[in-house]
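Structure first, commentary second.
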Amino acid sequence: MPTVPERRSNTFIRSLPKAELHLHLEGSIEPATLLELRQRHGMDGATLEDVERLYNYSDFTGFLTAFKDVTGHLRSPEDYELITYRLMQRLRSENVLHAEVFVSVGVCLWRKQNFPAIFEGLERGRQRGEKDFGTSLLWTFDAVRQFGAEKADKVLDLAIQFSDRNVVAFGIGGDERQGPPELFKDVYARAAGHGLHLTAHAGESAGPESIWGALNLKAERIGHGLTAGQDPELMEELARRQVPIDICVTSNLKTGCCPDLAQHPVRRYFDEGLMLTLATDDPAMFRTSLVDEYRLVQETFGFSDEHVRELARNSFEASFLTAEKKVEFLNLFDAAAPRV
Ligand SMILES: [Zn+2]
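The number in the working numbering is simply the position in the sequence shown, starting from 1, with 575 added.
As structure tokens, this is what we get:
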């Protein structure tokens with residue numbers, strides 16, 4: 576039930592300066608780019624149709640497998656450079672001025688890739704993207720929780736090693752049921768000791784106890800938080816502390832973590848005063864974009880232009896930018912999007 580004509584809504588949303596805080600690099604590879612990578616590695620005979628089939632899945636476990644298969648095409652530092660550059664180009668086209676991007680370092684290590692060489696590719700892509708599109712990008716190193724705490728420690732070692740080169744945060748993702756937050760207490764404490772910001776996927780495929788667990792790890796942002804609404808005390812805590820929640824509506828529907836759009840808690844969370852930002856999670860795998868996510872909440876849940884503006888402003892507030900940079904972006908935001 577659209578409350579504003581679609582074209583106007585689209586223009587307003589597109590022109591709003593935005594940041595995206597929950598975005599996986601490997602989930603942003605468009606099928607056309609994946610095809611290019613296949614050809615680069617001499618895997619001939621594949622058509623766009625074949626490649627697109629890799630993006631199909633029917634549930635959360637199937638999604639994790641598809642994600643792994645797509646990631647399997649990434650081999651050289653140049654591959655990582657290309658996908659970073661393409662992502663930044665795409666962000667620019669949606670007026671996303673800043674992004675905090677997860678790299679599945681846990682998967683790279685599992686594949687026994689030379690991560691320091693890959694990181695050089697990532698940074699080359701980031702620098703070229705910043706120069707050509709003016710997009711700001713910071714890295715979050717993501718460990719695979721079902722691989723356990725020891726493997727997460729190795730990911731953290733690398734995050735610490737590169738923390739003076741735009742790696743600002745450490746996080747855990749993957750299957751919450753196979754890797755509860757409590758396992759990672761020491762890893763998170765060590766990350767904090769090295770000045771890294773902390774984030775965690777929580778309450779995506781597990782209950783509110785997983786979100787409590789993430790808060791106990793001192794996670795500063797919660798990825799998804801879909802099941803927080805089941806626990807009134809947790810809702811109060813999240814609202815009181817204004818812990819930012821990365822809301823990824825399309826992702827939750829496509830993975831089946833949220834059975835249908837009408838049941839998504841985004842509007843309830845907003846009305847109960849939680850600090851929310853919108854994100855795509857894995858835009859290519861979910862066939863979405865940040866503009867689509869804003870439009871979806873506006874059209875489905877009756878968010879007004881002022882609400883949408885608040886969500887966009889939150890995305891800069893909740894970022895891991897330095898205080899100085901944050902003020903710079905917020906001033907720019909206020910000038911470009913005065914209160915309606
Ligand atoms: Zn995610």
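Even for Gly, the Cβ is constructed at its ideal location relative to N, Cα and C. As the structure is a computational prediction, the values presented were derived from the model and not from experiment.
| Query | Result |
| --- | --- |
| Which residues mark the beginning and the end of the alpha helix (DSSP H) in which Ile797 is found? | Segment 796-799 is the beta strand (DSSP E) holding Ile797; no alpha helix (DSSP H) there. |
| Report the option in His599, Pro756, Arg888 whose CA atom is closest to the CA atom of Val680. | His599 |
| Just verifying my parser: in three-state terms, what is the DSSP assignment at Glu779? | coil |
| Tell me whether the beta-carbon of Leu684 lies closer than 8 Å to the beta-carbon of Lys643. | no |
| Quick check: what's the CA-CA separation for Asn906 versus Gly877? | 27 Å |
| Tell me the rounded alpha-carbon separation between Leu733 and Arg914. | 42 Å |
| By DSSP, does Val579 sit in helix, in strand, or in coil? | A caution first: Val579 carries a pLDDT of 47, below 50, which makes its placement in the model unreliable, though a value can still be read off. Note: Val579 maps to coil in three-state DSSP. |
| Are there 16 or more other CB atoms within 10 angstroms of the CB of Gln614, so buried, or fewer, so exposed? | exposed |
| Tell me Ile822's beta-bridge partners as DSSP assigns them. | Leu853 |
| What's the call for Val626, buried or exposed, on a 16-neighbour Cβ count within 10 Å? | buried |
| State the Cα-Cα distance for the pair Glu795 and Met850, rounded to the nearest angstrom. | 12 Å |
| Report the option in Gly749, Lys793, Glu784 whose CA atom is closest to the CA atom of His776. | Gly749 |
| Below 8 Å between beta carbons: does that hold for Val866 and Asn585? | yes |
| So which residues touch the region around ligand 2, with touch meaning a C-beta under 6 Å from any heavy atom? | Inclusion of ligand 2 in the displayed structure is not the case, the ligand content consisting of ligand 1 alone. |
| Roughly how many angstroms separate the alpha carbons of Leu792 and Asp846, rounded to a whole number? | 27 Å |
| Would you kindly work out how many angstroms separate the C-alpha atoms of Thr829 and Val872, rounded to a whole number? | For the sequence presented, residue 829 should be read as Lys rather than Thr. Going by the C-alpha atoms only, they are around 16 Å apart. |
| Can you say whether Asp821 is buried or exposed, counting buried as having 16 or more other CB atoms within 10 angstroms of its CB? | buried |
| Buried or exposed: where does Met576 fall if 16 or more other Cβ atoms within 10 Å of its Cβ makes it buried? | Residue confidence for Met576 is low, a pLDDT of 45 falling below 50, so the modelled location carries little weight and cannot support an answer. |
| Apart from the five residues just before and just after Phe694, which ones in its own chain have a Cβ nearer than 7 Å to its Cβ? | Phe737 |
| So what's Leu771 in DSSP terms, helix, strand or just coil? | coil |
| To the nearest angstrom, report how far apart Ala803 and Ser785 are at their CA atoms. | 9 Å |
| What do you reckon, are the CB atoms on Tyr655 and Gly696 nearer than 8 Å? | yes |
| Which term fits Gly602, buried or exposed, when burial requires 16 or more other beta carbons within 10 angstroms of its beta carbon? | buried |
| To the nearest angstrom, how far is the alpha carbon of Met618 from that of Leu886? | 43 Å |
| If we count the other Cβ atoms within 10 Å of its Cβ and call it buried at 16 or more, is Leu657 buried or exposed? | buried |
| Does DSSP put Lys706 in a helix, a strand or coil? | helix |
| Grab me the residues of Gly848's own chain with a C-beta within less than 7 Å of its C-beta, minus the 5 sequence neighbours each way, in chain order. | Ala814 |
| Roughly how far, in whole angstroms, is the beta-carbon of Pro783 from the beta-carbon of Asn889, given that I think they are within contact range, below 8 Å? | Pro783 to Asn889, Cβ: 22 Å. No contact. |
| Can Glu798 and His673 be called in contact, C-beta distance under 8 Å? | Looking at the sequence provided, one finds Gly at residue 798 rather than Glu. Cβ distance not < 8 Å, so Gly798 and His673 don't count as in contact. |
| Is it a yes or a no for the stretch 633-641 touching the stretch 661-678, going by three-plus beta-carbon pairs under 8 Å? | no |
| For Glu757, tell me which candidate among Ala724, Tyr660, Asp835, Ala911 has the shortest Cα-Cα distance. | Ala724 |
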